[in-house]
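31 is the number that the numbering used here gives to position 11 of the sequence shown; each next residue is one higher, with no gaps. Each residue gets a CB set at the ideal place from its N, CA and C atoms; glycine is no exception. To start, the structure itself, in structure tokens.
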Amino acid sequence: MSETGLTADRVLHVLNGGPVDLADLELCVITEIGDGRWTQGVFILGEVLVVNRDGREPFGGQRKPGKWDVEATYTKDWAEAWALSAQVRASHQSGEASQ
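Structure representation (structure tokens):
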């Protein structure tokens with residue numbers, strides 16, 4: 021790829037509106053959502069977010085799970101995050117089916 025080509029670093033730079041240090045980012049999996057009306061629709065159960073050291077999305081909606089009535093698990097391990105996300109979604113779907 022040429023020096024002017026699209027790279028992951030350049031995409032993150034555009035999304036963030038400036039440089040992004042990947043060492044400052046981690047993954048956040050939403051594992052529980054409270055039943056309060058202020059939390060509904062902000063996050064999706066099992067959603068995987070990229071967050072910075074402050075626990076906030078550095079781009080996009082810049083949501084911060086810590087400000088809401090949700091429980092989340094934080095990790096830098098990609099496989100762990102996706103496995104937990106799948107587990108949370110499957111557990112939620114089987115719980116809905118049994119109701």
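Query                                                                                                        : Result
Sheet register partners of L69 (DSSP bridge)                                                                 : C48
Contact under 8 Å by Cβ, G38 with D89                                                                        : no
Integer-rounded CB distance, given that F63 should sit under 8 Å from N36                                    : Not confirmed; about 21 Å, so no contact.
Reference W98, options K84, R30, G75, V68, closest by Cα                                                     : V68
Same chain, Cβ closer than 8 Å to G75, neighbours up to 5 away in sequence not counted                       : C48, K84, P85, G86, Y94
Own chain partners of M21 with C-beta closer than 8 Å, once the 5 adjacent residues on each side are dropped : Its pLDDT being 47, under 50, M21 is placed unreliably in this model, and the value from its coordinates should be taken loosely. Around M21: T27.
Ranges of the beta strand (DSSP E) found wholly within the stretch 89-119, counting only runs of at least 3  : 90-95
Endpoints, alpha helix (DSSP H) assigned at V34                                                              : 28-36
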